[in-house]
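The next block holds one structure in the form of structure tokens; read it before the comments.
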Amino acid sequence: GTTRDLAWVNGVQFTKGYSNNDVLTVGAEFNHTETEDRIPGYNRLIDQRVNSLGGYVQYEWKPSEKFTLLAGTRIDHVNVDGDYSIGGIDRGVDIDQTAFSPRLTVSYEVLEDLKFRGGFARGFRAPQAFNEDLHISSVGGEPQFVILSNDLDTEYSNAYTGSFNYSKNINLLQLDFLLEGFFTALEDPFTLVSTGAVLENGSILEEVRNGEGAKVFGTNFEFGLSPNQKWQFQLGATLQRAEYDAPQLLFETD
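Just so you know, we're using this note's numbering here: the sequence shown kicks off at 114 and counts up by one.
Have a look at this one:
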């Protein structure tokens, strides 16, 4: 096969600090990608163009030494124009999507050595052939391809985090402990469905569709200990669970 890929990014950012340590950040960005992926032996083609224009503003407010609030938002307009085909099956995407992505984080010094941080952020993924979908996997020696559904919608995420960070210095001894919780809710998440179809060339076809709502949540801790300048010990672990809100279709016969 032959793959041609072009990507370029243009952006401008303005940052201004104030006498009370507040910081204002404003910017804009334009991304353009073109991907053409051909495998003539399997009659496969990905011909895709993506243009994304975004603007953002963010303000960091520090009313006191103990409290910091960072609020911002980003607006993106994404255009995806793509043609996808495999083994005589043709799909096309021509969408214009505008997404609003706010974010908010807070930091508060509860005690001299204990700090709380919390945050919220919203994100999205527009329907397109992502890089991880371009590869060819093999099942029992048969190639396996991925194609986008005709009515694939944008995937959204809403992420919440909260953490406590304890740091203490006793002479040369340095202690650091972090306990964090996180929760992410997904709307119309992309799911991979095996269609049961086997094309004339022997390849297996899978399709990206929108699933039911899903969530990812868990907790994370990190512990650090440095008794002197020569030694440093670190320990961490994450307990995470990911699940759909309802049973999902994973396989269907043709």
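We put the CB at the ideal spot given by N, CA and C, even for glycine. Just so we're clear, the structure is a prediction, and the values are computed from it rather than from any experiment.
Quick one: what's residue i bridged to in DSSP?
i: GLN126; result: GLY140
i: GLU147; result: LEU119 and ARG162
i: VAL170; result: VAL139 and THR186
i: GLU313; result: Bridge partners of GLU313: none, in fact.
i: TRP228; result: Looking at the sequence provided, one finds Lys at residue 228 rather than Trp. GLU222 and ASN278, per the DSSP bridge assignment.
Look up residue i in the DSSP assignment and say whether it is helix, strand or coil.
i: GLY154; result: helix
i: THR218; result: strand
i: THR332; result: strand
i: TYR131; result: coil
i: ASN341; result: coil
i: GLU365; result: coil
Give a yes or no on whether the C-beta atoms belonging to residue i and residue j are separated by under 8 Å.
i: GLY201; j: ILE188; result: no
i: GLY349; j: PHE336; result: yes
i: ARG235; j: THR267; result: no
i: PHE148; j: THR138; result: In the sequence under discussion, the amino acid at residue 148 is Thr, which differs from the Phe named in the question. No; because the gap between Cβ atoms is not below 8 Å, this pair is not in contact.
i: VAL191; j: VAL163; result: yes
i: THR297; j: SER276; result: no
i: PHE233; j: TYR169; result: no
i: THR146; j: LEU119; result: yes
i: ASN133; j: LYS175; result: yes
Q: Report yes or no: do the region 320–338 and the region 304–312 share at least 3 C-beta pairs separated by less than 8 Å?
A: yes
Q) So does the region 222–235 actually touch the region 196–210, counting three or more Cβ pairs closer than 8 Å? A) no
Q: Taking only runs that begin and end inside the region 249–288, name each unbroken beta strand (DSSP E) of 3 or more residues, in chain order.
A: 250–252, 255–261 and 268–283
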